[in-house]
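Position one of the sequence shown corresponds to residue 16 (the numbering used here), numbered consecutively onward. C-beta: ideal position from N, C-alpha, C; glycine also. A short worksheet on the structure shown next.
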Amino acid sequence: MGPKAFGEAIDQRLGYTTWRDRKTAILVFNRGTETSTVLTGIDTVAKPHGNFKRAVA
16 MGPKAFGEAI DQRLGYTTWR DRKTAILVFN RGTETSTVLT GIDTVAKPHG
66 NFKRAVA
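Pasting the structure below:
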């Protein structure tokens with residue numbers, strides 16, 4: 016899953032939620048790529064998204 020597909024997954028997931036849903040998740044399976052590279056890619060796609068509120072450590 017590349018950055019474009021991850022952004023589409025965010026939009027798809029938010030399309031399934033309702034106003035009552037407080038939390039949601041997207042599972043990312045990482046094979047063959049460094050975890051730090053994947054996490055950096057997630058940050059670059061998720062943080063500029065219009066529905067991004069905050070990062071939880």
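Among the options, which has the Cα closest to the Cα of residue i?
i, options, result
"tryptophan 34", "Pro18, Gly22, Asn66, Ala70", "Asn66"
"alanine 24", "Val43, Arg37, Asp36", "Val43"
"alanine 72", "His64, Arg28, Pro63, Leu54", "Leu54"
"methionine 16", "Lys68, Arg46, Arg69", "Arg46"
"arginine 28", "Lys19, Thr39, Pro18", "Thr39"
In terms of residues, what are the limits of the alpha helix (DSSP H) holding residue i?
i, result
"proline 18", "18-31"
"glycine 56", "50-61"
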